[in-house]
Structures are given as C-alpha cells and as structure tokens.
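Protein chains: 2
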Amino acid sequence: MGLVVQKFGGSSVADAKKVMNVAERVTDEYKKGNNVVVVVSAQGDTTDELIEKANEINPNHSKREMDMLLSTGEQISISLLAMAIEKLGFPVISLTGWQVGMKTDSNYSQARIRKIDTERICMELDKKNIVVVAGFQGINKYDDITTLGRGGSDTTAVALAAALHADICEIYTDVDGVYTTDPRIVKDAVKLSEISYDEMLELASLGANVLHNRSVEMAKKYNVNLEVKSSFQRVPGTVVKEEVDMEKMLVRGVARDNDVARIAVIGLKDEPGTAFKIFSLLSKSKINVDIILQSIGRENTKDISFTVTEGNLNKALEILEQNKDLIGYKDISSSTNLSKVSIVGAGMVNNPGVASKMFEALFESSINIHMISTSELKVSVLVDRDVAERAVKAIHDKFDFTN
Amino acid sequence: MGLVVQKFGGSSVADAKKVMNVAERVTDEYKKGNNVVVVVSAQGDTTDELIEKANEINPNHSKREMDMLLSTGEQISISLLAMAIEKLGFPVISLTGWQVGMKTDSNYSQARIRKIDTERICMELDKKNIVVVAGFQGINKYDDITTLGRGGSDTTAVALAAALHADICEIYTDVDGVYTTDPRIVKDAVKLSEISYDEMLELASLGANVLHNRSVEMAKKYNVNLEVKSSFQRVPGTVVKEEVDMEKMLVRGVARDNDVARIAVIGLKDEPGTAFKIFSLLSKSKINVDIILQSIGRENTKDISFTVTEGNLNKALEILEQNKDLIGYKDISSSTNLSKVSIVGAGMVNNPGVASKMFEALFESSINIHMISTSELKVSVLVDRDVAERAVKAIHDKFDFTN
Numbered sequence: 006m007g008l009v010v011q012k013f014g015g016s017s018v019a020d021a022k023k024v025m026n027v028a029e030r031v032t033d034e035y036k037k038g039n040n041v042v043v044v045v046s047a048q049g050d051t052t053d054e055l056i057e058k059a060n061e062i063n064p065n066h067s068k069r070e071m072d073m074l075l076s077t078g079e080q081i082s083i084s085l086l087a088m089a090i091e092k093l094g095f096p097v098i099s100l101t102g103w104q105v106g107m108k109t110d111s112n113y114s115q116a117r118i119r120k121i122d123t124e125r126i127c128m129e130l131d132k133k134n135i136v137v138v139a140g141f142q143g144i145n146k147y148d149d150i151t152t153l154g155r156g157g158s159d160t161t162a163v164a165l166a167a168a169l170h171a172d173i174c175e176i177y178t179d180v181d182g183v184y185t186t187d188p189r190i191v192k193d194a195v196k197l198s199e200i201s202y203d204e205m206l207e208l209a210s211l212g213a214n215v216l217h218n219r220s221v222e223m224a225k226k227y228n229v230n231l232e233v234k235s236s237f238q239r240v241p242g243t244v245v246k247e248e249v250d251m252e253k254m255l256v257r258g259v260a261r262d263n264d265v266a267r268i269a270v271i272g273l274k275d276e277p278g279t280a281f282k283i284f285s286l287l288s289k290s291k292i293n294v295d296i297i298l299q300s301i302g303r304e305n306t307k308d309i310s311f312t313v314t315e316g317n318l319n320k321a322l323e324i325l326e327q328n329k330d331l332i333g334y335k336d337i338s339s340s341t342n343l344s345k346v347s348i349v350g351a352g353m354v355n356n357p358g359v360a361s362k363m364f365e366a367l368f369e370s371s372i373n374i375h376m377i378s379t380s381e382l383k384v385s386v387l388v389d390r391d392v393a394e395r396a397v398k399a400i401h402d403k404f405d406f407t408n
Numbered sequence: 006m007g008l009v010v011q012k013f014g015g016s017s018v019a020d021a022k023k024v025m026n027v028a029e030r031v032t033d034e035y036k037k038g039n040n041v042v043v044v045v046s047a048q049g050d051t052t053d054e055l056i057e058k059a060n061e062i063n064p065n066h067s068k069r070e071m072d073m074l075l076s077t078g079e080q081i082s083i084s085l086l087a088m089a090i091e092k093l094g095f096p097v098i099s100l101t102g103w104q105v106g107m108k109t110d111s112n113y114s115q116a117r118i119r120k121i122d123t124e125r126i127c128m129e130l131d132k133k134n135i136v137v138v139a140g141f142q143g144i145n146k147y148d149d150i151t152t153l154g155r156g157g158s159d160t161t162a163v164a165l166a167a168a169l170h171a172d173i174c175e176i177y178t179d180v181d182g183v184y185t186t187d188p189r190i191v192k193d194a195v196k197l198s199e200i201s202y203d204e205m206l207e208l209a210s211l212g213a214n215v216l217h218n219r220s221v222e223m224a225k226k227y228n229v230n231l232e233v234k235s236s237f238q239r240v241p242g243t244v245v246k247e248e249v250d251m252e253k254m255l256v257r258g259v260a261r262d263n264d265v266a267r268i269a270v271i272g273l274k275d276e277p278g279t280a281f282k283i284f285s286l287l288s289k290s291k292i293n294v295d296i297i298l299q300s301i302g303r304e305n306t307k308d309i310s311f312t313v314t315e316g317n318l319n320k321a322l323e324i325l326e327q328n329k330d331l332i333g334y335k336d337i338s339s340s341t342n343l344s345k346v347s348i349v350g351a352g353m354v355n356n357p358g359v360a361s362k363m364f365e366a367l368f369e370s371s372i373n374i375h376m377i378s379t380s381e382l383k384v385s386v387l388v389d390r391d392v393a394e395r396a397v398k399a400i401h402d403k404f405d406f407t408n
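Heads up: the protein sequence lines correspond to chains A and B, in order.
The opening residue of the first sequence carries number 6 in this note's numbering; numbering runs sequentially from there.
The opening residue of the second sequence carries number 6 in this note's numbering; numbering runs sequentially from there.
Structure below.
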C-alpha cells in the first residue's frame with residue numbers, strides 16, 4: 006500500500022462530466038489499496054471570469070484582495086470533486102489551502118511555500134479518506150490567503166508529495182506525456198517513457214508547456230517521482246525522476262518558444278562593468294534575461310545582444326534609454342517575430358557532434374540562425390518565427406527519436 | 006466616534022455598479038469618523054448557481070461539502086467590495102468567516118454561532134481599516150467551514166455587533182424599512198420609525214420577510230440596536246430596539262404568509278396524550294407546527310387541526326399515516342391554497358377590541374376564516390389564498406396607521 010498524489014488541471018474539471026471522470030480516476034487508484042491525495046485547479050474559465058469581475062470594479066485592486074477572490078475558484082473545484090467521489094460511494098474530504106496547512110510567505114499573487122503542517126491531512130488519510138486539496142493557494146503568517154502564481158497547482162501537488170513522502174506524484178494534463186517535440190508540429194514526435202529532472206527543466210523553460218519549472222525544481226530538490234499523464238486517455242505517461250539511462254538517447258527533445266524578443270545594445274565602450282551595468286538595471290526591475298551574446302564591435306567598442314520575453318520588451322527598452330549615459334552606448338535596436346528552438350538532452354555535454362548535427366539540419370533547410378546559446382543540457386538557436394516550425398521538424402527528423 | 010456594523014444582502018451587491026454603490030455607503034459612514042464593519046452576502050444568483058452545479062454532479066452530496074462550496078459565494082463578494090472601497094481610496098481588508106473567528110457548532114448547512122474570537126477584527130479596526138466580513142459562514146471545532154442557513158448573513162451582522170459592542174447594526178435591504186403591511190399590496194402602508202424586538206419577531210415569522218427571526222432574537226438577547234434601511238435610497242429606515250412607545254399605536258402591522266398548509270386529524274379518542282403523540286412525532290422529524298386548534302368531534306372523539314409549511318406537508322402526512330395505530334384516529338385531511346393573515350402589536354394584549362375589529366373587517370369583506378390563533382402580540386387567521394390580499398387591505402384600512 007502506498008501514497009499517491011494526483012493533480013488535475015482546470016480543463017480536467019471544466020464541467021460536471023469531466024469532474025465525474027476525475028472522480029473515477031481517483032477512486033480507481035484508491036481501490037488498489039493506496040492512500041490518495043488529489044490536488045485540483047479552478048474549473049475551466051473560472052479564474053478568468055473572476056479576474057474580469059475584479060477589473061470591472063477596480064483594475065488597481067490590491068494583490069491581497071485578488072488572492073482572496075481567486076482562491077474561491079479552487080475551493081469550488083474541491084467541493085464539487087468531493088461530491089462526485091461521494092457519489093461513487095467512497096470516503097472523501099475536501100480541504101482548502103489553509104486547512105491543509107500550506108504556509109507561504111506574504112508575496113501575494115506569487116507566494117512561495119514555506120512549510121506544510123501535515124497534521125490534518127495525515128489524520129484524514131489515517132481515517133482512509135480520499136483527500137481533495139485546493140491547489141494554487143496557501144496562507145501567510147497573518148492567516149491571510151495567498152496564491153502561488155503560475156504553475157501553482159503543480160507546485161502544490163509536488164510540495165504535498167514531498168511533505169507526505171508520497172510514492173509518486175501524478176500530474177494529469179491535456180497531453181499524455183512529454184514528447185520529443187510538439188506533436189502538433191511534428192507528426193512522428195515520440196513520447197518519452199522517462200526523463201531526468203534536469204532535462205525536464207530545460208524542456209519546460211524552453212516552452213514545452215507540460216510542467217511548470219517551479220514544480221520540477223521542487224521535485225528535484227525533494228526527489229519526488231513525477232509522472233505526467235493524460236486525464237482522459239488511460240495510457241502510461243512520462244516519468245520524471247533523478248536518474249535515467251543516459252546512454253540510451255543523447256537528445257531528449259526539441260522545443261520551441263515563441264515568447265522571445267531580442268535587444269541589441271550597440272557601441273558600448275570595451276571596458277569592464279558594462280555587462281554588469283545593463284543586467285543589474287534589468288534585474289532590479291525583475292526582468293529576466295535569457296540568451297546573452299557579446300561580440301566585438303567597431304573602433305574599440307563592443308555590442309551586447311540578449312533576449313527577454315515579449316511582455317518585458319518595452320520596459321527593458323525604457324530602462325536602457327533612461328540610463329543611456331550611465332551605461333554609455335551608441336544605439337539600441339530590438340526585434341520581435343523570433344522563436345527560440347532548442348534541443349535538450351543530458352548526454353549532450355560529452356558529445357560535441359550534437360550541436361553541429363542541429364546546425365546541419367538548419368543549414369539543409371536554409372534556415373538562418375540569429376543567435377546561439379549552449380549549456381550542458383541544451384543547444385538553443387534564435388530563428389525567425391515564420392520558419393520556426395520548419396526548424397523544429399528538420400531538427401527532429403535529423404535525430405533518431407525511436408524509443 | 007462609534008462603531009457601526011452594516012449588512013448588505015445579495016441583491017445589493019449583484020453587479021459591479023451595485024458593489025460600487027455599497028462601497029460609497031460604507032465609506033460615507035467611515036468619513037463621519039466611525040469604525041465600520043460591513044457584512045455581505047453572496048452576489049445575486051451566485052448561491053443558486055453553485056447549488057445547481059452541485060446537484061448536477063451529485064444531488065445527495067454531504068452537507069459538509071455543500072458548505073465548502075457555498076461559502077465561496079460570500080468570499081467572492083467580500084473581495085470585490087474591498088476592491089471597490091480601495092478604488093475610493095480608503096483602507097480596507099476583507100475577512101472570511103474563519104478569519105474573523107466565527108466559531109460555530111458542526112451542524113452543517115444550519116450551524117449556530119458559538120462564539121466570536123474578535124482579536125483579528127479588533128486589530129484591523131485599530132489600524133483604522135474598514136473591515137469587510139463574509140456573512141453566512143463560520144468554522145467548527147475541526148476547522149471545517151460551516152454555513153448558518155437561512156437569514157445567516159443578518160445573523161452574522163448582529164452577532165458581530167453584539168461581540169464588538171457596536172453602537173448600531175444597520176441591515177440594508179431592497180425595502181426602506183418595516184411597513185405596517187406589504188406596500189406592494191396596500192398602497193397606503195405606513196413605514197414604522199420604530200418597532201420593538203418582540204413585535205419584529207412576530208412580524209418576521211408572519212411573513213414580513215424583512216429580517217430573519219434568528220437575527221432579531223439575537224439582537225434582543227444582546228440588546229443590539231438594529232436599523233432596517235434601503236440599500237439604494239438614502240432615507241431613514243426602521244429602528245428595532247427594546248422599548249418603543251407602546252401607547253402610540255396598538256397595531257404595528259398586518260402580515261401575510263402564503264407558505265402554509267393545514268392538516269386535520271379527525272376522530273381522535275377523547276383521552277389524554279393524543280396531542281402529545283402527534284406533535285412529538287412531528288417534532289422528532291424537525292417539522293415545525295404553527296397554529297394548532299383542537300375541537301370536539303362526534304361521539305366522544307376530538308379533532309386536531311394544525312398548520313405546517315407547504316414543504317413539510319407530505320412528510321407530515323406520511324408520518325401520521327405510518328403511525329395511525331399508535332395515534333388512533335379515523336381520518337386525515339389536508340388543504341393547501343391557504344394564507345395566514347396576522348396583525349401584530351405589543352399593545353394588543355390589553356385591548357381586547359383589537360381582535361374583534363380585525364374580524365369585523367373580514368366580515369365586511371365577506372371573507373371566511375378557517376382558523377384563528379392569538380397570542381399576546383398577534384392575532385392570526387387562516388383564509389383562502391385567493392382572498393388573502395383583499396383581507397390584508399381590509400384589515401389595514403380598518404386600523405389607523407398614520408404615524
């Protein structure tokens with residue numbers, strides 16, 4: 006007998022029929038003799054509807070009141086799922102974030118989990134109750150409701166799995182696992198049966214959209230075995246864990262991220278501290294920078310190019326313009342309509358041929374590369390957005406992804 | 006500087022515009038230099054929509070999960086109202102039932118308040134925050150969410166006013182006060198400036214629908230001054246308090262209640278214990294009986310007639326039929342399509358002429374009376390529903406209600 010934590014997203018509980026489907030998945034696990042903790046998100050569009058309600062009244066609402074409002078979405082889901090499980094005749098109890106002892110800091114709308122007081126949840130599991138927990142929410146030291154921000158429900162599930170020493174944490178989503186690339190783009194994308202935390206982290210941040218990085222980081226930290234599975238199809242998913250057979254496949258997948266804009270700062274003095282000045286200014290404004298590239302410019306100057314998300318582009322440009330004298334540069338240019346295409350794989354670092362194989366694939370398809378960035382686990386290139394799908398296909402074809 | 010508790014019902018916060026209107030009412034009070042605690046109900050149809058969602062999944066849901074679900078309605082309202090008050094530039098904080106220390110028993114869906122831990126709310130008032138509290142909800146000793154049942158938000162407001170020793174508890178509703186009868190039926194109904202707790206209790210239970218009895222009982226117990234006011238018009242309302250000038254007006258009002266069905270148990274043995282048997286059986290099934298009338302029947306038998314709410318009629322008949330041998334009667338009959346019309350007034354007990362004046366009004370309008378019930382504060386008659394409005398008008402015309 007083990008302990009299984011399951012997490013179902015908003016689209017998995019969007020209506021009464023889907024809630025019943027989840028109840029069946031949950032009770033099937035319980036029938037095997039396992040203890041089951043289920044984490045759910047708000048139903049379908051509930052969160053968007055609540056945001057709209059708030060903005061209609063006051064678009065400049067405090068984050069504290071917004072968290073008070075948004076946390077109702079998950080509370081609705083847990084009670085409805087509990088009712089569905091009651092209908093199937095199983096013992097069940099729903100618990101909100103504060104009832105489950107999910108203690109966070111006071112950073113409303115993007116709170117971090119501090120600790121979980123598992124007393125209540127353990128008591129309910131001892132009573133053989135299926136425990137349905139509201140994802141995405143917690144309370145701070147003032148007993149005020151907080152929400153965990155993007156990927157919050159996944160994080161709730163992984164944090165509970167860690168605190169309860171669960172045997173596995175199953176993340177149910179629209180897709181049935183992690184693929185070598187987006188199956189909507191490349192027909193013969195292959196589902197991975199296993200992937201390491203680090204590879205998953207690179208894939209997630211590169212736009213694979215299956216698991217949020219934060220939950221994978223936490224799973225890695227506490228060594229929680231994750232499985233990404235389909236809410237609707239009953240097929241094996243992808244297990245994310247510490248060690249996978251690294252020899253088996255060099256490249257795990259090909260990812261694409263469209264949310265990328267490039268800024269070039271041109272004509273910087275070639276002296277120490279220029280990069281520091283630029284990136285400390287951006288970091289103070291909480292702008293994350295992804296790929297950074299520095300090149301030698303003309304007449305004792307250098308150029309620095311880097312990418313940010315499209316949402317941060319204007320703010321970043323503004324900061325750079327306001328600090329033109331401090332930084333000391335000649336010109337700034339920016340471009341959008343770009344995509345980042347990446348290959349990810351733990352075995353890559355010891356196989357220098359991997360990167361050149363990727364460049365070869367792009368060359369054969371006449372695709373121009375704007376920037377290149379490499380790490381131990383990935384190679385990323387920046388290309389025009391209108392050729393990005395073609396780039397993904399070409400790279401995917403070049404590597405052998407048969408499992 | 007005083008402390009004012011205000012309560013706004015679901016129709017007062019039904020949409021963004023109405024929420025802003027409430028925010029203005031609240032901040033006007035705050036601008037006078039008062040501490041303000043505001044209790045709100047769920048928006049408009051929210052509660053009905055949540056009930057529908059639940060029933061779609063499982064009509065036989067547990068009450069515990071239903072309370073978990075329904076309590077989100079008020080939580081949505083408090084956060085939206087807080088945002089509206091923020092927009093007007095005033096310091097505000099919203100608090101749920103559990104945050105405000107509303108401790109109840111574990112009788113889900115109709116919990117009773119046990120005590121209020123006012124620490125948090127006092128702290129917020131000390132900080133000069135306007136405190137917006139979710140009505141209708143609390144928590145039990147297991148830290149599970151409970152709801153207070155019908156009239157719950159009024160009860161929350163009065164309980165808070167009592168615990169915080171508020172100067173006044175203002176109940177804002179669709180109507181602008183307590184009238185001598187339903188102004189939709191009788192055009193020249195008069196608004197009362199004052200009414201005693203006891204009179205209000207009789208009027209509420211007789212179908213005046215302005216304040217729920219439970220909140221008036223609590224106001225009486227803790228001597229909380231209530232004022233019933235309009236959410237939309239800025240006019241004085243009706244103050245409900247301990248002592249009013251009893252000499253001023255004998256009859257306070259005329260009320261009508263359509264939710265009434267009559268059961269007649271015919272041919273009971275004329276021996277002790279028959280009434281006890283009937284009413285203890287009904288009370289065990291939590292069926293409230295209103296008017297009871299016993300009359301002599303034929304051949305050493307007696308008949309007992311009584312009224313119940315229409316919703317309890319079938320259940321009551323079933324219980325009586327199942328226990329026919331135990332009770333010992335010949336026949337049962339029942340009738341619906343009835344109304345109870347009542348006059349209420351504290352001065353009534355010392356003025357026997359009041360009842361006969363009421364009967365005279367009905368006689369002059371050729372309205373037949375099926376049952377009569379009197380108490381120190383009221384005279385009620387049962388009439389056919391299709392003449393009930395006419396009865397109210399005739400009685401109201403007979404008495405002089407000019408303030």
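Virtual Cβ for every residue (Gly too), placed ideally from N, Cα, C.
Annotation for residue 11 of chain A: no alpha helix (DSSP H) segment contains it, though the beta strand (DSSP E) segment containing it runs 8 to 13.
At least 7 Å separates the CB of residue 52 of chain B from every CB of chain A.
The residue from A/157, A/320, A/6 and A/226 with its alpha-carbon nearest to that of residue 12 of chain A is A/157. For residue 397 of chain A, the enclosing alpha helix (DSSP H) starts and ends at 393 to 403. Comparing C-alpha distances from residue 358 of chain B to each of B/273, B/256, B/291 and B/17 shows the shortest one belongs to B/256.
Scanning the region 113 to 194 of chain A for uninterrupted beta strand (DSSP E) segments of 3 residues or longer gives 118 to 121, 135 to 139, 142 to 144, 150 to 152 and 173 to 178, listed from N- to C-terminal end. For residue 199 of chain B, the beta-bridge partners assigned by DSSP are B/244. Residue A/315 holds the alpha-carbon nearest to the alpha-carbon of residue 340 of chain A among A/327, A/315 and A/84.
Between the alpha carbons of residue 320 of chain A and residue 261 of chain A lies a distance of about 24 Å. For residue 349 of chain A, the uninterrupted beta strand (DSSP E) segment begins and ends at 343 to 349.
Here residue 180 of chain A is buried. Its C-beta has 16 or more other C-beta atoms within 10 Å. Cβ contact annotation for residue 72 of chain B (same chain, cutoff 7 Å, sequence separation greater than five): 113, 114, 150, 151 and 152, in chain order.
For residue 387 of chain B, the CB contacts under 6 Å within the same chain, skipping 5 residues up- and downstream, are 343, 345, 375 and 376 in chain order. Chain-ordered, the chain B residues with CB closer than 8 Å to the CB of residue 63 of chain A read 88, 89, 91 and 92. Identification of chain A residues near residue 104 of chain B by a Cβ-Cβ cut-off of 7 Å yields 148, ordered along the chain. Taken in chain order, the members of the region 72 to 87 of chain B whose beta-carbon sits within less than 9 Å of a beta-carbon on chain A are 72, 73, 74, 75, 76, 77, 78, 80, 81, 83, 84, 85, 86 and 87. When A/88, A/131 and A/68 are compared, the shortest CA-CA separation from residue 111 of chain A is found for A/68. In the three-state reduction of the DSSP assignment, residue 267 of chain A falls in the strand class, which pools E and B. Counting other Cβ atoms within 10 Å of its Cβ, residue 104 of chain A reaches 16 or more and is therefore classed as buried.
Among the residues of the region 12 to 30 of chain B, those with a Cβ less than 8 Å away from any Cβ of chain A are 21, 24 and 25, in the order of the chain.
Rounded to the nearest whole angstrom, the C-alpha separation of residue 87 of chain A and residue 293 of chain B is 32 Å. Contact between the region 223 to 233 of chain B and the region 196 to 206 of chain B is established, with three or more Cβ pairs separated by less than 8 Å. By the rule that beta-carbons nearer than 7 Å mark a contact, residue 59 of chain A touches chain B. In terms of Cβ geometry, residue 301 of chain B and residue 311 of chain B do not form a close pair [threshold 7 Å].
Against chain B, the beta carbon of residue 66 of chain A has neighbours under 7 Å at 88 and 91, listed in chain order. Bridge pairing for residue 327 of chain A: absent [DSSP]. At a beta-carbon threshold of 8 Å, the residues of chain A lying near residue 99 of chain B are 70 and 73, ordered along the chain. Where residue 84 of chain B is concerned, the enclosing alpha helix (DSSP H) starts and stops at 68 to 92. From the listed residues A/34, A/348, A/24 and A/29, the smallest Cα separation to residue 172 of chain A is found for A/34.
At a Cβ-Cβ threshold of 7 Å, residue 208 of chain B and residue 349 of chain B count as neighbours. Residue burial is scored here from C-beta neighbours: residue 368 of chain B has fewer than 16 other C-beta atoms within 10 angstroms and is therefore classed as exposed. Exposure of residue 281 of chain A is indicated by the presence of fewer than 16 other C-beta atoms within 10 angstroms of its C-beta.
Look at residue 258 of chain B here: in three-state DSSP terms it is strand. Cβ contact annotation for residue 123 of chain B (same chain, cutoff 7 Å, sequence separation greater than five): 106, 168 and 169, in chain order. The continuous beta strand (DSSP E) containing residue 307 of chain B extends over residues 306 to 313.
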